[in-house]
Amino acid sequence: MPAAQLVWSAGALRMMGLGRCKEISLQVVRSEHEALPAWQALQLRLHLMMCRGCSNFRGQMRLLSAASARWRHYGETPPKD
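Numbering follows this note's numbering, with no gaps: position 52 of the sequence shown is 499.
Shown next as structure tokens:
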């Protein structure tokens, strides 16, 4: 089977030390607000490369963060000079 067609199960990711999707989703949220330790950042990055669901979740979190940042300033009038 070609490498591009490999399907990674949650069990295979755990056995490789790449964490469970539930743990990774918490790391995704934490990484939006603070810097992760190097080993957690590496674990997160490797997991996201292999897990489409967690990668989609990260994209959704980034979209929500950007939207809420824009909304936070909605309706504010620019300062007058």
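All C-beta atoms in this analysis are idealised placements derived from N, C-alpha and C, irrespective of residue type, glycine included. Predicted model only: the values in this text are computed from it and were never measured.
So is residue 497 in contact with chain C if we call contact Cβ pairs under 8 Å? You won't find chain C in this structure, because it holds only one protein chain.
Touch test, the stretch 509-516 against the stretch 483-490, Cβ-Cβ under 8 Å, three pairs minimum: no
To the nearest angstrom, how far is it from the Cα of residue 471 to the Cα of residue 521? If you number the sequence shown from 1, residue 471 lands on position 24. If you number the sequence shown from 1, residue 521 lands on position 74. Their backbone Cα atoms lie some 32 Å apart in a straight line.
As a quick exercise: from 466, 508 and 499, pick the residue whose alpha carbon is nearest that of residue 478. Against the sequence shown, residue 478 aligns to sequence position 31. If we check each option's Cα against that of residue 478, 508 comes out closest.
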